[in-house]
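Taking it in order: structure first as structure tokens, then the write-up.
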Amino acid sequence: MIIVCIRTILLYSLVVLTMRLMGKRQIGELQPYEFVITIMISDLASLPMQDQRYPLLQGIVPIITLLFLKTLITQLELKLQPARNILDGSPCILIYNGKINYDALKKQQLNLDELFEELRLAKCYNLDEIQYAILENSGQMSILPKNYNSSSGSSDSSSGKSDNTSTQKVVLPKILIADGKINKRSITSMNKSEEWIMKVLKDHNINSIDNILVAMYDTQGKFSVQYYDDYEKECCKQ
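Residue numbering for the sequence shown follows UniProt numbering, starting at 1 and increasing by one per position.
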């Protein structure tokens with residue numbers, strides 16, 4: 001039992017030291033190769049602790065090797081831009097000028113529900129308010145609102161507008177159509193039917209939902225529709 005305790009203390013100390021030397025990052029900020037190395041280190045350390053038939057060196061040597069490999073990769077990334085692009089990837093624009101980049105969503109294996117969840121966490125509820133939404137290499141989303149310059153102005157100007165906006169009614173956005181399919185959950189919550197949605201679309205001269213990426217009511221009750229190719233059309237205007 002004493003031997004098991006000693007082996008555990010040694011391996012634990014080695015893993016803590018290794019993680020310290022790998023740098024200070026939160027789990028959500030790890031690059032893919034860093035996450036793989038972290039998982040491998042934990043697995044290599046657990047084997048000698050669980051089974052005394054494994055020599056300590058069979059856990060120590062691979063852990064030190066992985067630490068050396070991580071250090072080598074980090075140095076390559078610091079000096080070579082192509083290495084950073086290959087290992088870390090590059091930021092991806094998901095929304096530009098309120099238009100969703102559907103091809104980028106598919107490439108990043110994100111669905112609309114996940115996209116809107118990230119937007120809500122960033123306190124962005126309307127697509128029309130977003131100038132850029134960028135998926136960073138860490139997996140986090142950076143959002144630049146259209147009113148960024150005005151929102152960073154003086155506190156006096158912002159307080160002057162508060163009286164007008166405070167009386168404006170704000171409602172929870174409702175996604176009626178996503179990926180060419182009617183969102184039945186939203187319909188149920190609104191006590192509406194599919195016939196009602198089709199009537200709303202018809203009132204906006206829309207006869208089919210197959211080419212609709214998303215149709216929704218925003219926080220002001222405004223109805224908006226985006227098609228799959230709206231992002232490309234918006235980019236062509238530049």
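Cβ atoms here follow ideal geometry from the backbone N, Cα and C, with glycine treated the same way.
Quick caveat, the model's predicted, so the values are computed rather than measured.
Do residue i and residue j have their CB atoms nearer than 8 Å?
{"i": "Ile134", "j": "Leu94", "result": "yes"}
{"i": "Ala104", "j": "Cys92", "result": "yes"}
{"i": "Asp230", "j": "Lys99", "result": "yes"}
{"i": "Tyr125", "j": "Pro55", "result": "no"}
{"i": "Pro62", "j": "Leu44", "result": "yes"}
In the DSSP assignment, find the alpha helix (DSSP H) that holds residue i and state where it starts and stops.
{"i": "Met198", "result": "Glu194 to Asp203"}
{"i": "Ser224", "result": "Unbroken run through Ser224 is the beta strand (DSSP E), Phe223 to Tyr227; no alpha helix (DSSP H)."}
{"i": "Cys92", "result": "Premise fails: Cys92 lies in the beta strand (DSSP E), Cys92 to Tyr96, not in any alpha helix (DSSP H)."}
Let me know the secondary structure DSSP gives residue i once reduced to three states.
{"i": "Ser159", "result": "Only weak support exists for where Ser159 lies, its pLDDT of 44 falling under 50; the coordinates are left without a value."}
{"i": "Ser138", "result": "coil"}
{"i": "Met19", "result": "helix"}
{"i": "Ala133", "result": "strand"}
{"i": "Pro145", "result": "strand"}
{"i": "Leu127", "result": "helix"}
{"i": "Ile209", "result": "coil"}
{"i": "Pro237", "result": "In the sequence as presented, Pro is not what sits at residue 237; that position holds Lys. Residue state, collapsed to three classes: coil."}
{"i": "Asn191", "result": "coil"}
Ends of the beta strand (DSSP E) at residue i?
{"i": "Ile177", "result": "Lys174 to Ala178"}
{"i": "Leu213", "result": "Ile212 to Tyr217"}
Would you list the residues sitting across from residue i in a DSSP beta bridge?
{"i": "Asn182", "result": "Rather than Asn, the amino acid found at residue 182 in this sequence is Ile. Beta-bridge pairing links Ile182 to Ile177."}
{"i": "Lys99", "result": "Tyr96"}
Validate contact between the segment 203-218 and the segment 80-96 using beta carbons, cut 8 Å, 3 pairs: no
Are the segment 64-81 and the segment 194-214 touching, with three or more C-beta to C-beta distances below 8 Å? no
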